[in-house]
Every structure is written in C-alpha cells, then in structure tokens.
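Same order as they appear, the protein sequences are chains A and B.
85 is the number that the working numbering gives to position 85 of the first sequence; each next residue is one higher, with no gaps.
30 is the number that the working numbering gives to position 30 of the second sequence; each next residue is one higher, with no gaps.
Even glycine gets a Cβ: it sits at the ideal position worked out from N, Cα and C.
Working notes, structure below.
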Amino acid sequence: MKTLLRPAADWELANIISDAAARRLPLELIGAGTKRAMGRPVQSAAEITLKGMLGIMLYEPNELVMSARAGCTVAEVEQQLASRGQMLPFEPVDLGPLLGLDAGQGTIGAVFATNLSGARRVYSGAARDHLLGVKAVTGHGEMVRSGGRVMKNVTGYDVARGMTGSWGTLAALTEVTFKVVPRPEATATIAIFGLPDEIAIEVLCKAMSTPYEITGAAHIQQGPASRLWSSAIRRGGKAATVMRLEAPSKSIAYRAEKLRQLFKAYGELHVIDTQPSLEFWQEMRMMTVMQGSTHPLWRISTSPKLGPAVVAAIARYTPVEAVYDWSGGLVWVEVPMSADAGATDIRRVIALHGGHATLVRADAAVRNSVDCFHPLDPGVERLTRRLKSTFDPAGILNPGRMYATM
Amino acid sequence: MTHIALPEPDHATIARRSDIVAGLSAAIGADRVISDEDGRRAYETDALTAYRRMPLAVVLPRSTEEVASVLRYCNREGIKVIPRGAGTSLAGGALPAEDAVVVCVTKLNRVIDIDYENRTARVETGITNLAISAAVSERGYFYAPDPSSQLACTLAGNIAMNSGGAHCLKYGVTTNNVLGVRMVLMDGEIVEIGGPHLDAPGYDLLALIVGSEGQFGIVTEATVRILRSAEGARPMLMGFPSAESAGAAVSAIIGAGIIPVAIEYMDKPAIHVCESFSKAGYPMDVEALLIIEVEGSEIEIADLLERIVAITKPFNPQSVKISQSAAESARIWRGRKSAFGALGRISEYYCMDGTIPLGRLPEVLGRISEICALQQLRVANIFHAGDGNLHPLILYDANDPDQSSKAEIAGAEILKLCVEVGGCLTGEHGVGIEKRDLMRVQFSDKDLALQMSIKTMFDPQWLLNPAKVFPLDGRPPIAAAAA
Numbered sequence: 001m002k003t004l005l006r007p008a009a010d011w012e013l014a015n016i017i018s019d020a021a022a023r024r025l026p027l028e029l030i031g032a033g034t035k036r037a038m039g040r041p042v043q044s045a046a047e048i049t050l051k052g053m054l055g056i057m058l059y060e061p062n063e064l065v066m067s068a069r070a071g072c073t074v075a076e077v078e079q080q081l082a083s084r085g086q087m088l089p090f091e092p093v094d095l096g097p098l099l100g101l102d103a104g105q106g107t108i109g110a111v112f113a114t115n116l117s118g119a120r121r122v123y124s125g126a127a128r129d130h131l132l133g134v135k136a137v138t139g140h141g142e143m144v145r146s147g148g149r150v151m152k153n154v155t156g157y158d159v160a161r162g163m164t165g166s167w168g169t170l171a172a173l174t175e176v177t178f179k180v181v182p183r184p185e186a187t188a189t190i191a192i193f194g195l196p197d198e199i200a201i202e203v204l205c206k207a208m209s210t211p212y213e214i215t216g217a218a219h220i221q222q223g224p225a226s227r228l229w230s231s232a233i234r235r236g237g238k239a240a241t242v243m244r245l246e247a248p249s250k251s252i253a254y255r256a257e258k259l260r261q262l263f264k265a266y267g268e269l270h271v272i273d274t275q276p277s278l279e280f281w282q283e284m285r286m287m288t289v290m291q292g293s294t295h296p297l298w299r300i301s302t303s304p305k306l307g308p309a310v311v312a313a314i315a316r317y318t319p320v321e322a323v324y325d326w327s328g329g330l331v332w333v334e335v336p337m338s339a340d341a342g343a344t345d346i347r348r349v350i351a352l353h354g355g356h357a358t359l360v361r362a363d364a365a366v367r368n369s370v371d372c373f374h375p376l377d378p379g380v381e382r383l384t385r386r387l388k389s390t391f392d393p394a395g396i397l398n399p400g401r402m403y404a405t406m
Numbered sequence: 001m002t003h004i005a006l007p008e009p010d011h012a013t014i015a016r017r018s019d020i021v022a023g024l025s026a027a028i029g030a031d032r033v034i035s036d037e038d039g040r041r042a043y044e045t046d047a048l049t050a051y052r053r054m055p056l057a058v059v060l061p062r063s064t065e066e067v068a069s070v071l072r073y074c075n076r077e078g079i080k081v082i083p084r085g086a087g088t089s090l091a092g093g094a095l096p097a098e099d100a101v102v103v104c105v106t107k108l109n110r111v112i113d114i115d116y117e118n119r120t121a122r123v124e125t126g127i128t129n130l131a132i133s134a135a136v137s138e139r140g141y142f143y144a145p146d147p148s149s150q151l152a153c154t155l156a157g158n159i160a161m162n163s164g165g166a167h168c169l170k171y172g173v174t175t176n177n178v179l180g181v182r183m184v185l186m187d188g189e190i191v192e193i194g195g196p197h198l199d200a201p202g203y204d205l206l207a208l209i210v211g212s213e214g215q216f217g218i219v220t221e222a223t224v225r226i227l228r229s230a231e232g233a234r235p236m237l238m239g240f241p242s243a244e245s246a247g248a249a250v251s252a253i254i255g256a257g258i259i260p261v262a263i264e265y266m267d268k269p270a271i272h273v274c275e276s277f278s279k280a281g282y283p284m285d286v287e288a289l290l291i292i293e294v295e296g297s298e299i300e301i302a303d304l305l306e307r308i309v310a311i312t313k314p315f316n317p318q319s320v321k322i323s324q325s326a327a328e329s330a331r332i333w334r335g336r337k338s339a340f341g342a343l344g345r346i347s348e349y350y351c352m353d354g355t356i357p358l359g360r361l362p363e364v365l366g367r368i369s370e371i372c373a374l375q376q377l378r379v380a381n382i383f384h385a386g387d388g389n390l391h392p393l394i395l396y397d398a399n400d401p402d403q404s405s406k407a408e409i410a411g412a413e414i415l416k417l418c419v420e421v422g423g424c425l426t427g428e429h430g431v432g433i434e435k436r437d438l439m440r441v442q443f444s445d446k447d448l449a450l451q452m453s454i455k456t457m458f459d460p461q462w463l464l465n466p467a468k469v470f471p472l473d474g475r476p477p478i479a480a481a482a483a
C-alpha cells in the first residue's frame, strides 16, 4: 500500500518534494486520479494528490481571467464561470468515463498538466494557449511562479506554458491562471450524414477555411455513430459529419445558410438547434461513443487532411473504429485487444504520415510494455531529457509516466 | 539614455578578429560575411538606438545548414553570437557586443510551402511578418499576429520575442500561431520541433522556445497557422470624458460577452499627435479615445456595433463615429499604427510596454502622470485595452543628458507600477537589455534561477545573446564568465 499524502498548502508540498528529492524517493503526483489509467503506471512508494489545494483565488469576468488552485474540479470551475455567462475556451475532454470512472471528477490543475483540449481547440486553441500563469513546485522542491494574470506577458521565458502537457513529470502545478471566454448566445450544429471519411474531412477542412468561424469540426464513423445517445445526430446508424456554429442567433442563421450553399453538393445539410447541439457536443467532450469498451483506444494527432489516410492505413493491419475531431487533425482510434494494443502497426503508419499517437486506454500490463506516449525523435528526446533533469534532477516526479527511462 | 550597463567585452576575442572573420568565411563562404567597418555599422544597434556596439563580424547565412556551420564554429571557438532579424527590437534584443558575431537571418526569407487545406504555411524565418500574410492574402487568408512593425520585422524576431499586436485579443500572439520550428542549437545540431499537426508530442518545447529572446538557438524555419480572413471588419471611434469612463466602457463590452477583434485606447496627448499627423478624424476634445473593431458579415458587423453603442451609453461617450467606408477604416487604423512615427516627429520618446489588469487603468494612468510630472516630462499613452498592454510614450530631449536619464528613471518607475498592480514588465516587446535589471521586481531569485537553468540547458556556455534578459549579477558561474 502506498503512502497517500494530501498537502493543502504549497509549502507543505514543497517540503514533501524536497525531502523526497534528498532521499531520491519517487513520488506519484496526481489530481483526482481520473487519468491514472493512461500512460505508464508509476512505480513509487508514495502518492501525492493535489486535491487538497482548493479555492478559486481570482475571477474577473470583465477581464476574462480566473485563477484556481490545482485541486478545484473542472466541474466547479465551470459552474463558477457559467454563473457569469462564461466558459473555458478550450472545452477540455473528460477522460474519466473513457477510463471507467465517473464524469466531472478531474481537476483544473490536471487539465493544464496534461494540456487537455476538446473540440473547440481547432478554432480557439488548446489549454496551453489559454494559460496565463502558474504557481508550481519543481522537483527541487522549490516554489516558483511564472507568467501572471494579464493576457499579454513576455517577461522572461514562458515557463508556465512550458510545463503544460508534462503530466506532472517536471513540476507540480499548485495554482493556474487562465483566460476564459463568454458563452455563445446560441449554438447550432450543421450535420451531413453518410459521408465516407475522406469526403467528410474534405468538407470539414473546407468549412474551416471559410470565414464562418466553425468552432467544432468532427466526423464520426458509422460504427461509433450508432452508439450516440444524441438522437439528433444518431440518424439510422449513418456516419455523421458535424460542424458547430457558436454566435448570436442572427449570425447563426446567416452562416448556416452560407454553409448550406457551399456544401449542398455533398448531401442534405441538417441544422440542429442549440439544446440538442449542446447535448451532442457534451457527448463529444466525454467521447461517449468510445465508452464502455475495454479495447485499446488511441489518440492520434496528424495534419487534418491526412486523418483519413492514417485511419485507412491502420485498417490494413487491424479492424478499426474512428472518430475524427479538429477537422481531421485529431483521430480517436479504437482497435481490438492485442499484446501491444496495435502500437507497432499504428506507429509504423504514423512514421509514414507524420504526427504522433498516444495510447489512451489499455490494461496496465500493456501500458507497462509499450510506449504510451509517442517515441520522440533523437534531437527532441535529448532536449526532453535535459529539460526533465533541469526541473527534476533526482528524477522523483512521476518517473516513467511519459517515457520509460525518464 | 545610457544607464544600462553592458558587460566589458573580451579583449582577447576582439584581438582575434581577423582569424574569426577567416574562420567564418571558411565555414560558409566570404560572400556571406560582413567584416568591413561600414558594413558592420548597419548592425550596431536595433530600435533601441541609444545603445550601439560594433560587432566583430556579421554573417548572412542562406540556409539552415549555413547557420549550423556558423554556430558550430562559434561554439568551438567560444565566441558569442547575437541572433538578429530585422533589428526592430525596442528592447535592445538584437543589440550586438564588440566580442560577438551577429547572425542575421534576413536572407532566409522563402515561403517553403502553403497548405490551404491544413491552414498552415511553412516559411523561412527571415521573412517579414507582413510578407506571410501577403503570400496567402490572394486566397483570403492571413497570418494573425500583427505587431506595429510588421512591414519590417521578421518572423524570427517575432518568435524570439513572442510578438503580439493590436488584434491578439481575438487571435492570440505568436506562441498561439506557431505549430512547429526548425532550430539550430549552439553546438550546430539541427532539431525539428512540432510540425503541421495542432499539438506537438511530448513536452511543450515550443512554448519555451517562443519568447526565449534568441537565447536558446536560432529558428530558421517555422510552420505557422494561417487563418481565413473575416468577411469584413469595421472600426468605430468612441470618445470619452475620462479614463474611468472609457475603461468602464471596455469592461462593460467584454462583460456583456462581446469580444471585439481589437480595442485600442489613446489618451489626449496621443490623440492630438496622431490626428495632426494622419488626419484620421479622431475627436480632439475628448480625454480618451477607443478604437473598437468588429468583424463579420455586413449584418453581423451592424448588429455588433449597435449593441456596443447601447452597452456603452451609460458611460456617456462624447462622440461615437462608425466608419462608413473602407477608406475611412484604413485612415482610422493608419492613425493608430503611425502613432510611434507621429510622436517621433515632435520629440524623442521612450516607449514602455507594461501590462496591467484593465480594472486598474484609471489609477495607473493617474500615477503615470504623476511619475512623469515629477521628472518634468510629458507622456502620451496608447493602450491595447482588450488585453491590458499599456504603451506609455515618455517624451524627452535626446540632446539633454539630464532629460534622457529622467526618462529612464520615469520608465522604470512606470514598469514597477505595472508589476505592483498585478501586471508585468513587458507585454510584447520583450526584456532585452532594457528591462533586464528590473526582472527582480517581477520575479524571485528562485524564479530567475529556474529560467536561467533552462537557458543553460539549451546553451551550456551561455554564448547566445548572453547579456540580455537576466540581471548581470546573480547568474550561474558559466554565464557570469560569458557575460
């Protein structure tokens, strides 16, 4: 049984980490642990949860900024924002349900530590793009801060952003300050049904190249589409190609009509209203169509237009089900169980097309034996290794979580 | 204006100058090396012109491999390198040193590939900011960050300083628009980071590289996002009787859920200077002017402007003028974008670049007036109100050493004030040499030590742009030796 530590103050955490660093004692660093079943399992004697770091420290709706301590749940943050008609700009995916846990448990610190972004990323940027500042404790046990609470800040290196997506292997984020945006007045989803992948991505890339500010551009293959809860998009088990508009109602009507003109040759365009649209995009956020299965699930990032080619190439080796987001640039791919969860085949395909693949769901034995995070090019790997030892010279923060030997 | 200490150059290196020129010529060819005095003089300063240092030599590489050859040579010989784009840094980011070689990337200016479907462009970084937009404008696209110097400044410099612009409220700054880079490290190794996909694997090295002020490596190619232009855009001018009312109006617009593509603020002295220079049609009798621009179709623009007018009514704008034509819109923006030039015609000025929380604007402007009055100097303020980036322009007489030093004192006080109210020293110009010695106002020694350890990680000998960003004292031993 691991020792479980739940510091509430930054200095407590700093003491724990500096003590562990002195003794070279590996620590597993988590928020609520909703993404613990992703990545390599960490071998450690002690586990630190940041769930005890509570409190929204600053919220200025008129300046579009919030500071929250790392242990606040995303649900709590979003509730606060909603009370003032605002939201997170990057719509973080909730990986909990995909990994067999309840929804809404994840912490805001972990969102930035893992750079979790959802459908809106293609329009407005990722979590990392909206981070303004952090307080953190490094692997030295030092309390540091970087960035601040203002939108524009180039004072010194962008260390705050540099810590995003590092999965607690560089530092423990204890407080995050980020940009928020107003909730749109209305939402609509334009859907075309039954398109093959390649045509669907062509439509989505074209849509993203219009001035109509598409804030979500996804394509769900027939198989997963038949598992949608949303009856507005689950049309007789046909593949669904969807584009989201978020704007004042007048603008939505105008833009929907423009899109209808533009894409009428591709099939009938269905315009779905605000409420059913919100329900559907909430499903996308939790990737409901991939829930309930224990089959390996991959998250592939590639050039948007190459998404279908990547999926077709994987399909030559193994049966595959895919959901495309970010107009094809992000592909969720489920493959059958196998000794390596399809890693060899998928990475061979990626090597040919460019991009990277992360194993999101697989049992612990597989995650121990394959690289869950995409292997790095030698030059980048050297820099990665040096950065890790700059932040955490004793190698005690989540050792092996991202890369086996780091 | 020469208060900032520059390190004593290494005279042994300077004594080897002819050997070094020969070494550089052997590395990439004599035609790429500028060694004569007149040629070098063109590179002795940047847009912080009060500081000048003649470099050992200047090289103009034409490929990534040539950059690598130069860096490999300099690394082996222990020679400092100053990376340079167009030299438009207002912070002295490209200021040379007498014992350093300037590596200028302006000959690396090709567009390598434009991929409209993926909405990305691959370019060499010596290309100017505006040339990227020009290369894709024919198809209705643009590159979003738009610093005022965009006609001249290079993408390389934008990456080094994480440059912003007037429209970043909606579109973000450089770091939000760069997806991948090809970078040469000081030892000559070439690394590819990121690429045409929306997120790079592993650590966010790009986040560290963008804004590293040329201290980590030389970025020679980049993949940037290109965006489809809006159907149309239209600015509106609103004049207010006070900073309070203008600031409150901005808060109310954003609080109501409208994010205009740009909200620019000018105070009375700035309005007068710009109007007399550019005849943009700014109201002369107001204390504060907002330029608010919205985008979209005709219907959307009309709708948004109407709502903004309604929202701001309680703050009693003295004048409201919506642009009626493309020509008028261009005039309105020309007035704002030529502010620095216009001011430069009437006086020398020292341009500051702090960021503040919007809610503190009236207080900060009041205290800026006091700070400048104390030094008997005049000041004009330009403010990217949407994102809190404040540019106080302190007017002074460059021929009067007393006024010069007073301007520097006032500038430092203003930046300390920005930090005090919760903001930062620099929003978009960078630290360079200019704000180097103020870094401790914003950061603890531990914060700075972490940043410097990242510098050491990329450039173990501290040869790249070493005299910048961090105070000269308190550096790690290797850095102290290099500086």
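Through-space distance from residue j to residue i, alpha-carbon basis
i: B/G87; j: B/P61; result: 16 Å
i: A/I108; j: A/C72; result: 6 Å
i: B/L289; j: B/E370; result: 21 Å
i: B/A131; j: B/T106; result: 12 Å
i: A/A37; j: A/K238; result: 32 Å
i: B/T174; j: B/P145; result: 6 Å
i: A/T187; j: A/G85; result: 14 Å
i: A/M66; j: A/T174; result: 14 Å
CB contact below 8 Å: residue i versus chain B
i: A/T155; result: yes
i: A/H356; result: yes
i: A/D158; result: yes
i: A/M284; result: no
i: A/Y254; result: yes
i: A/W326; result: yes
i: A/L64; result: yes
i: A/G162; result: yes
Other residues of its chain near residue i: CB distance less than 7 Å, five sequence neighbours each side excluded
i: A/L286; result: First, the residue type needs correcting, since residue 286 of chain A is Met and not Leu in the sequence shown. For A/M286, where only same-chain residues beyond five positions count, the Cβ hits under 7 Å are D94, P97, A103.
i: B/E66; result: I28, R32
i: B/T485; result: Since the displayed chain B opens at 1 and closes at 483, residue 485 of chain B lies outside it and no answer follows.
i: A/P184; result: E246, A247
Cβ neighbours of residue i in the same chain (closer than 6 Å, five flanking residues each side left out)
i: B/V191; result: M183
i: A/V366; result: A341
i: B/P235; result: I291, E293, S323, S329, I332
i: A/M410; result: In the structure as shown, chain A begins at 1 and stops at 406. Residue 410 of chain A is therefore absent and cannot be evaluated.
i: B/A252; result: I311
i: A/P89; result: S124, H130, V181
i: A/I214; result: A207, M208, M243
CB contact below 8 Å: residue i versus chain A
i: B/G296; result: yes
i: B/P235; result: no
i: B/A15; result: no
i: B/Q451; result: yes
Neighbourhood of residue i by C-beta, 8 Å cutoff - its chain only, sequence neighbours within 5 removed
i: A/R385; result: M406
i: B/V421; result: I356, P357, R360, E363, V364
i: B/N381; result: Y265, M266, D267, P269, A270, L365, I368, L390, H391, P392, L393
Contained beta strand (DSSP E) runs [length at least 3] in the stretch 211-237 of chain A, N- to C-terminal order: 214-220
Interfacial residues, the stretch 415-430 of chain B to chain A, with Cβ spacing under 8 Å: G422, G423, C424, L425, T426, G427, E428, H429, G430
Under 7 Å (Cβ pairs) to chain A, residues found in the stretch 431-442 of chain B: V431, M439, Q442
Length-filtered (4 minimum) alpha helix (DSSP H) runs lying within the stretch 280-347 of chain B: 298-312, 326-337, 339-346
Interface positions of the stretch 164-192 of chain B facing chain A (Cβ-Cβ less than 8 Å), listed along the chain: G164, C168, L169, G172, V173, T175, N176, E189, I190, V191, E192
Residues from the stretch 461-473 of chain B in contact with chain A, defined by Cβ distance under 9 Å: V469, F470
Contact set between the stretch 137-165 of chain B and chain A, restricted to residues whose Cβ is under 9 Å from the partner: R139, G140, Y141, M161, N162, S163, G164
Short-range partners of chain A found in the stretch 106-139 of chain B, where Cβ spacing is below 9 Å: D115, Y116, E117, N118, R119, T120, R139
Contained alpha helix (DSSP H) runs [length at least 4] in the stretch 302-337 of chain A, N- to C-terminal order: 307-315
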